[in-house]
Every structure is written in structure tokens, then in C-alpha cells.
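A.B. asks:
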Amino acid sequence: MSDQESSVDKAKRVLDVLYDMSEVVNAGLNPEAIGTCVELLEAGVKPRALAKIIKTLKKDAKIQRLNSKN
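Position one of the sequence shown corresponds to residue 0 (numbering that gives the first Met the number 0), numbered consecutively onward.
1) Tell me whether glutamate 22 counts as near the ligand MN, meaning its Cβ is closer than 7 Å to at least one heavy atom of that ligand.
2) In whole angstroms, what separates the C-alpha of glutamate 31 from that of asparagine 25?
3) Under the assumption that leucine 14 contacts serine 21 (Cβ atoms under 8 Å), give the Cβ distance between them as a whole number of angstroms.
4) Expressed to the nearest angstrom, what Euclidean distance is found between the alpha-carbon atoms of leucine 65 and valine 7?
Spelled out as C-alpha cells, the structure:
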């Protein structure tokens with residue numbers, strides 16, 4: 000196995016673990032969203048700011064779903 004393949008495998012395992020953790024805490028994030036969050040964090044976005052944005056987006060989406068039912 001080459002170094003590149005092992006890095007890809009390692010990254011996939013990390014994302015799998017992060018997804019499992021998000022399921023345990025009922026974060027409601029799919030694997031794609033978790034990958035995007037990791038990319039944002041690696042780009043320098045502050046974790047608390049990212050968490051606040053995610054919470055706001057989830058709240059807004061819930062409100063829109065409730066409004067669309069009425």
C-alpha cells in the first residue's frame with residue numbers, strides 16, 4: 000500500500016469516526032456535512048463559530064419546514 004493510499008484510508012476512517020460520534024450526540028449531520036465541517040476547520044474557521052452557524056441553520060430549516068406545512 001502506498002503512502003497516498005494509506006492517507007486516504009486514514010482520512011476515511013477519521014470521517015467514519017466523526018460520523019459515529021455525531022450520531023451518538025444526535026448532531027443530525029450526514030457524512031457529507033461532516034466532511035465539509037472538517038474542511039472548514041482545516042481552513043481556519045473557528046469551531047465555536049461553525050457550531051453557532053450550524054445551530055442557526057438547523058433552527059431556520061426547522062422553522063421553514065413548520066411554515067411550509069401551514
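All C-beta atoms in this analysis are idealised placements derived from N, C-alpha and C, irrespective of residue type, glycine included.
Bear in mind that the values here come from a model prediction, so they are computed numbers and not experimental data.
C.D. replies: On the basis of the supplied data:
1) Although the ligand MN was asked about, the structure shown includes no ligands whatsoever.
2) 16 Å
3) Not a contact, Cβ separation roughly 10 Å.
4) Distance between the alpha carbons of leucine 65 and valine 7: 40 Å.
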